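**Q** This is the structure I have questions about; it appears just below.
Residue numbers (the working numbering): 67 to 320.
Below is the structure:
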């Protein structure tokens, strides 16, 4: 695999705990602040720019290959992914379980179950990709961040999102959108590592999905619902999210 993903490391090296963080669509590795800084006080944290984003804007691959690329460049660690990054994290945990000590999925889904749903979503994502190429990143972000999904998000890292390219984001939608994702529901019981599924109490859709995924995964999965947060839990309630993860980490002996 000739291409590599850009990443940054924060926190002291040689710590007992290590985290790999995978961001959401239109973000990049620097869009975790201040949540990543809370984790890094007692852990080493590696933050990736996923394909089509940040320093990896010229990397155009699908979810499976994204997971392979992360696996090739990560240390054995707890993997935490948000939204699109959560879907990459699920693929990664299934692809390279020996490297994933624990899995944290924030506002993530195992995929759309029916082909009709996936087809409709692909058409929608293709329209968004065309819109991105036509109007550019800034105008697209005006509409993207105005969605009800982000109604509770104040710290949206707009300056960092502006760094992304329209072609990188468009290709990400086309290659890594939920419509292109093959559903992972049947594979979820293969996850044997501790799994934490996080959602915001104001995000009813992804809270429901978190409970559904936990039921399918089994006894090694747990759900944490963060009060006062919507979809972007780690940015809306960073302290509460970090505490939920470190408490889960302690319970699991990670």
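Every residue, glycine too, gets a C-beta built ideally from N, C-alpha and C.
Bear in mind that the values here come from a model prediction, so they are computed numbers and not experimental data.
Using only alpha-carbon positions, find the residue among 144, 118, 142 that is nearest to residue 132.
**A** The residue with the shortest Cα to Cα distance from residue 132 is 118.
**Q** In chain order, what residues of the same chain lie with their CB nearer than 7 Å to the CB of residue 74, ignoring the 5 residues before and after it?
**A** Excluding residues within five positions, the ones whose Cβ falls inside 7 Å are 95, 113.
**Q** Under the DSSP definition of a beta bridge, which residues are partnered with residue 287?
**A** 261.
**Q** Tell me which residues share the same chain as residue 291 and place their Cβ nearer than 6 Å to its Cβ, disregarding the 5 neighbours each side in the sequence.
**A** Excluding sequence neighbours, residue 291 sits near 265, 267, 273.
**Q** Helix, strand or coil for residue 159 per DSSP?
**A** Of the three classes helix, strand and coil, the one that applies to residue 159 here is helix, per DSSP.
**Q** With H, G and I counted as helix, E and B as strand and the rest as coil, what does DSSP make of residue 75?
**A** Reduced to three states, the DSSP call for residue 75 is strand.
**Q** To the nearest angstrom, how far is the alpha carbon of residue 72 from that of residue 281?
**A** Approximately 35 Å, taken between the alpha carbons.
**Q** Does residue 88 come out as helix, strand or coil in the three-state DSSP assignment?
**A** The answer is strand: DSSP assigns residue 88 an E or B state.
**Q** Output the distance between the C-alpha atoms of residue 235 and residue 91, rounded to the nearest integer angstrom.
**A** Whole-angstrom Cα-Cα distance: 8 Å.
**Q** If you draw a straight line from the alpha carbon of residue 284 to that of residue 182, how long is it in whole angstroms?
**A** When rounded, the distance between both Cα atoms is 28 Å.
**Q** Would the region 140–147 and the region 157–172 be scored as touching if the rule is three or more Cβ pairs under 8 Å?
**A** Result yes; three or more Cβ-Cβ pairs closer than 8 Å.
**Q** Go ahead and pull the three-state DSSP assignment for residue 316.
**A** Helix at residue 316.
**Q** If you pair each beta-carbon of the region 207–214 with each one of the region 256–265, do three or more pairs fall below 8 Å?
**A** Judged by Cβ distances under 8 Å, the region 207–214 makes no contact with the region 256–265, as fewer than three pairs qualify.
**Q** Of all the options 110, 247, 107, 289, which has the alpha carbon lying nearest to the alpha carbon of residue 151?
**A** Of the candidates 110, 247, 107, 289, the one whose C-alpha sits nearest the C-alpha of residue 151 is 247.
**Q** Using CA atoms only, rank isn't needed, just tell me which of 198, 241, 256 is closest to residue 228.
**A** Ranking 198, 241, 256 by Cα distance to residue 228 puts 198 first.
**Q** I'd like to check one pair, residue 215 with residue 154: are the Cβ atoms closer than 7 Å?
**A** No, these two residues do not count as a Cβ contact at 7 Å.
**Q** Under the rule that 16 or more other beta-carbon atoms within 10 Å means buried, what is residue 223, buried or exposed?
**A** Per the 10 Å Cβ criterion, buried.
**Q** By how many angstroms is the C-alpha of residue 194 removed from the C-alpha of residue 319?
**A** Near 43 Å, if we compare the C-alpha coordinates of residue 194 and residue 319.
**Q** Below 8 Å on the Cβ atoms is my guess for residue 157 versus residue 129; work out the distance and round it to an integer in Å.
**A** Their Cβ separation, rounded to whole angstroms, is 5 Å, which keeps residue 157 and residue 129 in contact under 8 Å.
**Q** I need the boundaries of the beta strand (DSSP E) containing residue 110, first residue and last residue.
**A** Element bounds for residue 110: 109–114.
**Q** So what does DSSP say about residue 136, is it helix, strand or coil?
**A** In the structure shown, residue 136 sits in a helix (DSSP, three-state: H, G or I).
**Q** In this structure, how does DSSP classify residue 229 when only helix, strand and coil are distinguished?
**A** DSSP places residue 229 in coil when its eight states are reduced to three.
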